[in-house]
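One structure is given below, encoded as structure tokens.
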Amino acid sequence: MTTTTRDDGYVVFDRVQKSYDGQTLVVKDLNLSIGRGEFLTMLGPSGSGKTTCLMMLAGFETATSGQILLDGRNINDMPPHKRGIGMVFQSYALFPHMTVGENLAFPLEVRGMTKAEREERIARALDMVQMGAFASRRPAQLSGGQQQRIALARALVFDPKLVLMDEPLGALDKQLREHMQFEIKALHERLGITVVYVTHDQGEALTMSDRIAVFNDGRIQQLAPPAALYERPDNSFVASFIGENNALGGTIASLQGDKATVRLFNGDVIDATAVNVREVGQQTTVSIRPERIEFKPEMMPDGAHTLPAEVMDVVYMGDILRARLKVAGQDDFVMKFRNTLGQTRLNPGEQIRVGWHPQDARALDPV
Amino acid sequence: MASPLDPHAAIVTEAGGLDATLTTADGTPLKRALARASRKSRWRAFLLVLPLLAFIVITFVVPIGQMLHRSVYNDGFAANMPQISGWFAETEPGTVPDDAAFAALSADLQAAAEARTIGIVGTRINYEMPGTRSLFTSTGRKVRGGVEPPYREALLEIDGKWGEPELWASMRNSSTAYTGSFYLASLDRTRDTNGDIVQVNENRRVYIMLFMRTLWLSALVTVMTFLLGFPIAHLLATLPLRRSNLLMILVLLPFWTSLLVRTTSWMVLLQQQGVVNDLLIWMGAIDESGRLKMMYNQIGSIIAMTHILLPFMILPLYSVMRTINPSYVRAAKSLGATSWTAFRRIYFPQTLPGLGAGALLVFILAVGYYITPALVGGASGQLISNMIAEHMTGTLNWSMAAALAAILLAGVLILYWIYDRLVGIDNLKLG
């Protein structure tokens, strides 16, 4: 990450719970502290409670219990218009009966700014998103990407310290989405604002965020910077939700500190790093990333356990090759390797042995 | 300019129209080939709408055309009194009738009396000058056997009214089959003895007042339906579907009840010995001598019409409100607007197409409303449509009814045109 931020508790969720029907909790005991200037992403499948958290922060939903602090102040009972939080909506919510300029003037008018000041700020905000020539257009006359920029400019024009974004790039095509990710990230760094970003797109979360909070079932499963999240998932949900993942089920055969050996269900033994297992005999799921799997003996550490594998098929993906293997009775074991000059070509039906560094195999909770 | 990296900003439409001499592969001009290819589907479309088209032409366009024609055409005098009509055509308005005029008149009267059309002639003049029908019929009886010259003295002897300039002015006005006199009468105007357009006597000036009252009451009813319907429509659009369906049934319930039944129930409720007055007395708000008059006056018309026309305001509003994404109001609030500002500047402007449609619908329906004012309006709650009905069924002056209706139609069309200029008819959303 390019910026390092201290977690000074600019936004704090303190034991927040939310229920809509009085019977089930959509958000269960949320504790989260966000630092000033941080880009924090709430990532999770739909229904995981991430959008509800964002709406509580924006003031459109009230927390059923617990409190939300903004810059040290409890904002539970503060109406949305007094919070001074910028927000970008998934549908952009550009006012259709106003021009782009009027859309941007709206937050400034309700703050009672003079016309001269408004015009200066609008011009600055539009230039910031390279839309300076579009002030007199109507939103309907703009493409999706242009509307997205205007929505961004409108959320920033009144200089909020905190900006919330609710899947802002969900409606854009892939190429434009990647471009806008880059622009939003650049704006965040230039303006030094705090951003809370909600998405279900893990790629988006990994490329943009300082930290990612992975939501599932109303709880934060893991809160960590992208690299840590990808390389050191805390549990099986995070391991399978972020990136491609191989999961091998088994029981702990031996445990020494964080070094563990796991006996798979077919009797094979592998090395692993103990993450959230405590005792020998416990059931576990070992998570290994496809690109960390080796099939050349010289690349494996000394004394590492290896497993026999049968190549099922190999998919040519350009920069990499993706082989599906049958390992330990599972035929959905995936290995990725770089398409370099002189790389060994595997053929379906070939028998190989695969292995990995023990720190790349993480023994997690059983699925 | 947009960023060069943004592919959407760089959409370029091909400039320039198609070349007019474009041909298909076998050399026929493209336009002709296209016309031939689409001819069949156009014929099919035409045949599909033909029954409805015929129905509308026969039941709608033709009667309205006839009505408009009748408003400027009445040959009750001109066809039956040809000689005097000819004299009117040759002389200037204001000419004092000479012997030739009386000769022509008495000949026409005799002929009309013998042909038994004197009543039609009298009725036509009666429209212009009330109370003259009997003059024609009684004179007709007396001249049937022939009139001896001098004609002037002979007619004056039968009835002195034959010398009145007003009568001659009325006959001159009626002497052509095509006439604007019904439109003049609809606007409380007539032609005096010199042929100039003047206002009718003060005690006969009713139509302009009725037009004004109709417009005013319709506008008031429109405002009332808006004030009452807007919150309901909003509730309908925001409630969960199951509960909004129930509410919708309540809104539509009046539609399933006969108009007459609804109007009559209002009579039961609002009359001086009615439920509302009894309730107010029971609550002590008024005493027995102060029973409110809410029926057989304008108030009765307003209340009953507002209730009956309410769904026509609610439904278009509802259909528009349902499509307004709640994130607009949320966005406004997040940008710092209070709930009121968000409503006024963001929500309300987006409901305008529905409001326009509802207002136009209610207003146009109210302008032509007939049964309800006739039943509950009393004297002060009568509208122009009641007068049209009176001329259709009471005085049998269909030309007058047609002229009043045509003015009403023109007024509505003008309103429609103004609405189109101000709001745009494509913004109209009826559902």
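These protein sequence lines map, in sequence, to chains A and B. Residues in the first sequence are numbered consecutively from 6, following my numbering. Residues in the second sequence are numbered consecutively from 34, following my numbering. C-beta: ideal position from N, C-alpha, C; glycine also.
Check the DSSP bridge columns for residue i and list the partner residues they point to.
i         : result
A:Arg-327 : A:Val-320, A:Lys-341
A:Thr-46  : A:Tyr-202, A:Ile-217
B:Val-233 : Paired residue(s): none; B:Val-233 is not in a bridge.
A:Ala-265 : A:Leu-260, A:Ala-277
A:Ala-314 : A:Val-332, A:Ile-357
A:Asn-79  : A:Leu-74
A:Asp-171 : A:Val-203
A:Glu-299 : A:Gly-360
A:Val-93  : A:Met-170
A:Pro-252 : Looking at the sequence provided, one finds Ala at residue 252 of chain A rather than Pro. A:Ser-292, per the DSSP bridge assignment.
B:Thr-56  : B:Pro-62
A:Leu-369 : A:Thr-290
I'd like to know whether the C-beta of residue i is nearer than 9 Å to at least one C-beta of chain B.
i         : result
A:Gln-115 : Before going on, a small fix: residue 115 of chain A reads as Val here, not Gln. With 9 Å as the cut-off, A:Val-115 counts as an interface residue toward chain B.
A:Met-6   : Its pLDDT being 39, under 50, A:Met-6 is placed unreliably in this model, and the value from its coordinates should be taken loosely. No, A:Met-6 does not count as interfacial toward chain B.
A:Gln-404 : What the structure shows of chain A is the stretch from 6 to 372, and residue 404 of chain A is not part of that stretch, so it cannot be assessed.
A:Ile-90  : yes
A:Phe-111 : yes
A:Phe-169 : A small fix is needed here, since residue 169 of chain A is Leu in this sequence, not Phe. Yes, because at least one Cβ of chain B sits closer than 9 Å to the Cβ of A:Leu-169.
A:Ala-98  : yes
A:Arg-159 : yes
A:Pro-173 : no
A:Pro-85  : yes
A:His-102 : yes
A:Phe-220 : no
A:Phe-163 : yes
Taking the alpha-carbon of residue i as reference, which of the options has the nearest alpha-carbon?
i         : options                                    : result
B:Leu-285 : B:Phe-259, B:Met-346, B:Met-242            : B:Met-346
A:Leu-228 : A:Leu-45, A:Asp-19, A:Leu-157              : A:Leu-45
A:Pro-231 : A:Phe-220, A:Gly-54, A:Ile-247, A:Ile-225  : A:Ile-247
A:Phe-300 : A:Asp-26, A:Ala-145, A:Leu-330             : A:Leu-330
A:Phe-111 : B:Ala-392, B:Tyr-361, B:Tyr-403            : B:Tyr-361
A:Tyr-235 : A:Ala-265, A:Arg-297, A:Thr-290            : A:Arg-297
B:Ile-394 : B:Gly-410, B:Leu-342, B:Val-353, B:Ser-418 : Going by the sequence as given, residue 394 of chain B is Leu instead of Ile. Residue B:Leu-342 is the option with its Cα nearest to B:Leu-394.
A:Phe-163 : A:Gln-348, A:Gly-175, A:Thr-289, A:Gly-89  : A:Gly-89
B:Arg-238 : B:Val-231, B:Gln-143, B:Trp-249, B:Asp-221 : B:Asp-221
A:Val-17  : A:Val-32, A:Asp-26, A:Ser-38, A:Gln-28     : A:Ser-38
A:Met-61  : A:Val-243, A:Leu-169, A:Ser-245, A:Gly-77  : A:Leu-169
A:Pro-353 : A:Thr-289, A:Arg-237, A:Ala-314            : A:Ala-314
B:Pro-386 : B:Ala-370, B:Thr-356, B:Leu-408            : B:Thr-356
A:Leu-161 : B:Ile-447, B:Phe-135, B:Gly-369            : B:Gly-369
A:Arg-159 : A:Glu-209, A:Asn-108, A:Gln-151            : A:Asn-108
A:Ser-96  : A:Thr-67, A:Arg-123, A:Pro-144             : A:Pro-144
B:Thr-371 : A:Thr-56, A:Asp-337, A:Pro-85, A:Leu-99    : A:Pro-85
B:Met-338 : B:Ala-443, B:Met-281, B:Leu-416            : B:Leu-416
Please tell me whether residue i has its Cβ less than 9 Å away from any Cβ of chain A.
i         : result
B:Leu-368 : yes
B:Leu-455 : no
B:Tyr-452 : no
B:His-41  : Low confidence applies here, because B:His-41 scores a pLDDT of 45, under 50, leaving its location unreliable; read the following figure in that light. Chain A contact via Cβ: present.
B:Ile-44  : The predicted model places B:Ile-44 with a pLDDT of 43, which falls under 50 and marks its position as unreliable; any figure quoted below should be read in that light. Yes, B:Ile-44 counts as interfacial toward chain A.
B:Ser-36  : The predicted position of B:Ser-36 is uncertain, since its pLDDT is 44 and thus under 50; a value taken from the coordinates is nonetheless stated next. Output row for B:Ser-36: interface = yes.
From which residue to which residue does the beta strand (DSSP E) around residue i run?
i         : result
A:Val-17  : 16-23
A:Lys-33  : 32-39
B:Arg-15  : Past the boundaries of the shown model lies residue 15 of chain B; chain B is included only from 34 to 464, so the question cannot be answered.
A:Ala-229 : 224-229
B:Ala-479 : Nothing about residue 479 of chain B can be reported from this structure: the residues present for chain B run from 34 to 464 only.
A:Gln-288 : 288-293
For the alpha helix (DSSP H) containing residue i, name the first residue and the last one.
i         : result
B:Thr-339 : 331-355
B:Asp-453 : 431-455
B:Gly-387 : 381-400
B:Gln-116 : 115-123
B:Thr-467 : Residue 467 of chain B is absent from the model: chain B starts at 34 and stops at 464.
B:Met-300 : 292-303
A:Gln-180 : 179-196
B:Tyr-211 : Run containing B:Tyr-211: none; DSSP gives neither H nor E here.
- Query: For the region 61-81 of chain A, which residues have a CB atom closer than 8 Å to at least one CB atom of chain B, in sequence order?
  - Reply: Ala-63, Gly-64, Phe-65
- Message: By the 9 Å beta-carbon criterion, what residues does the region 371-397 of chain B contribute toward chain A?
- Response: Thr-371, Ser-372, Thr-374, Ala-375, Arg-378, Ile-379, Pro-382, Gln-383, Leu-385
- Of the residues that make up the region 347-366 of chain B, which ones have a beta carbon closer than 8 Å to any beta carbon in chain A? Asn-358, Ser-360, Tyr-361, Arg-363, Ala-364, Ala-365, Lys-366
- Message: Under 8 Å, CB to CB, which of the residues in the region 197-210 of chain A have a partner in chain B?
- Response: Listed by position along the chain: nothing, the set is empty.
- Check each residue of the region 255-279 of chain A: if its Cβ is closer than 8 Å to any Cβ of chain B, include it; give the result in chain order. none
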